[in-house]
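>
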Amino acid sequence: MAEAQAFWALHLHGTLEQLQEGTYVLPEIQQQYEKLRQEIVRKTGQPLVFSLSNKCHTLSPHIIGAISRVTLAIGIHLPALMSFYAKTLARDPDGDRKLEVLIVLNILHEMEHGAYGYLSSPRKTREELIENEAAAWAVSCGEEIRVFHEQGYPLPAATARVYEVWQSCGAENNRCWKSFISSYYAEVAERRE
Ligand SMILES: [Zn+2]
0 MAEAQAFWAL HLHGTLEQLQ EGTYVLPEIQ QQYEKLRQEI VRKTGQPLVF SLSNKCHTLS
60 PHIIGAISRV TLAIGIHLPA LMSFYAKTLA RDPDGDRKLE VLIVLNILHE MEHGAYGYLS
120 SPRKTREELI ENEAAAWAVS CGEEIRVFHE QGYPLPAATA RVYEVWQSCG AENNRCWKSF
180 ISSYYAEVAE RRE
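Heads up, the sequence shown is in numbering that gives the first Met the number 0, so the first residue is 0 and it goes up one at a time.
In structure tokens form, the structure reads like this:
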């Protein structure tokens, strides 16, 4: 865990703490965090909980963020974040800024699942997964990726691709968007079947 904690401290510069304290540098992102946090607290009657895990997600080693459908606690799987950084961002001059986008996006995307009820049942079908992810990613594109993009932040390649497709598909949650989300989640979805 020491290595994961050191990575978190070195590269993320208190990003989660800033969101929790209300001091994150982009006001629109901070407002969205607060709106989602209040909705989750209203639903659970408990403070919002984050847990940093040094274990991989059981469905895929690539999954960074997750949410408990029971407690709405948000989990961040540090090994996924660390291996993505090592493989993709470590030699990129914009690597640390892309990592910041990635962590904020993972946190708020999972909170969007919880706040808006885009949560799949325990024995989820592929259709249910795609419905929930299409809905949650449409919100994430409009509320977070758009803001980062407009503020001139460099986006990780996969994030830029999601945003580009969301814009080109037009109206939210249409067939074009769902078909993209379906291919985006192919690996994870297959493991759930
Ligand atoms: Zn999701």
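Ideal Cβ positions, reconstructed from N, Cα and C, are used throughout, including at glycine.
Would the C-beta of residue 132 count as close to ligand 1, meaning under 7 Å from any of its heavy atoms?
Translated into the one-based positions of the sequence shown, residue 132 becomes position 133. Within the cutoff, so yes.
> Does the Cβ of residue 158 have 16 or more other Cβ atoms within 10 Å, making it buried, or fewer, making it exposed?
The residue you call residue 158 lines up with position 159 of the sequence shown. So residue 158 ends up on the buried side.
> In chain order, which beta strand (DSSP E) runs of at least 3 residues are fully inside the segment 69 to 144?
Qualifying beta strand (DSSP E) stretches, in chain order: 73 to 76.
> Report yes if the CB atom of residue 127 is closer than 8 Å to the CB atom of residue 139, and no otherwise.
Translated into the one-based positions of the sequence shown, residue 127 becomes position 128. Translated into the one-based positions of the sequence shown, residue 139 becomes position 140. It is not a contact, given that the beta carbons lie outside the stated cut-off.
> Buried or exposed: residue 74, going by 16 or more other Cβ atoms within 10 Å of its Cβ?
Taking the first residue of the sequence shown as position 1, residue 74 is located at position 75. Buried.
> By Cβ distance, which residues of its chain are closer than 8 Å to residue 32, with the 5 residues on each side in sequence left out?
Within the sequence shown, residue 32 is the residue found at index 33, counting from 1. Result list for residue 32: 18, 23, 106, 107 and 110, in chain order.
> Short check: CB of residue 146 to CB of residue 28, under 8 Å?
Against the sequence shown, residue 146 aligns to sequence position 147. Against the sequence shown, residue 28 aligns to sequence position 29. Yes.
> Please confirm if the segment 172 to 183 is in contact with the segment 52 to 69, defined as three or more CB-CB distances below 8 Å between the two stretches.
Cβ pair count under 8 Å is below three, so no.
> Taking buried to mean at least 16 other C-beta atoms within 10 Å of its own C-beta, is residue 131 buried or exposed?
Sequence index remark: in the sequence shown, residue 131 carries index 132 (1-based). Its Cβ being crowded by 16 or more others within 10 Å, residue 131 is buried.
> Report all residues from its chain with a CB closer than 8 Å to the CB of residue 154; omit the five preceding and five following residues, and keep chain order.
Indexing the sequence shown from 1 puts residue 154 at position 155. Counting only Cβ-Cβ distances below 8 Å, and skipping sequence neighbours, we find 97, 100, 144, 147, 148 and 162.
> Any heavy atom of ligand 1 inside 7 Å of the beta-carbon of residue 112?
Working through the sequence shown from its first residue, we reach residue 112 at position 113. Flag set: Cβ of residue 112 near ligand 1.
> Starting from the Cα of residue 114, find the closest Cα among 7, 38, 129 and 30 and give me that residue.
Counting from 1 along the sequence shown, the entry for residue 114 is found at position 115. That would be 38, whose Cα lies nearest to the Cα of residue 114.
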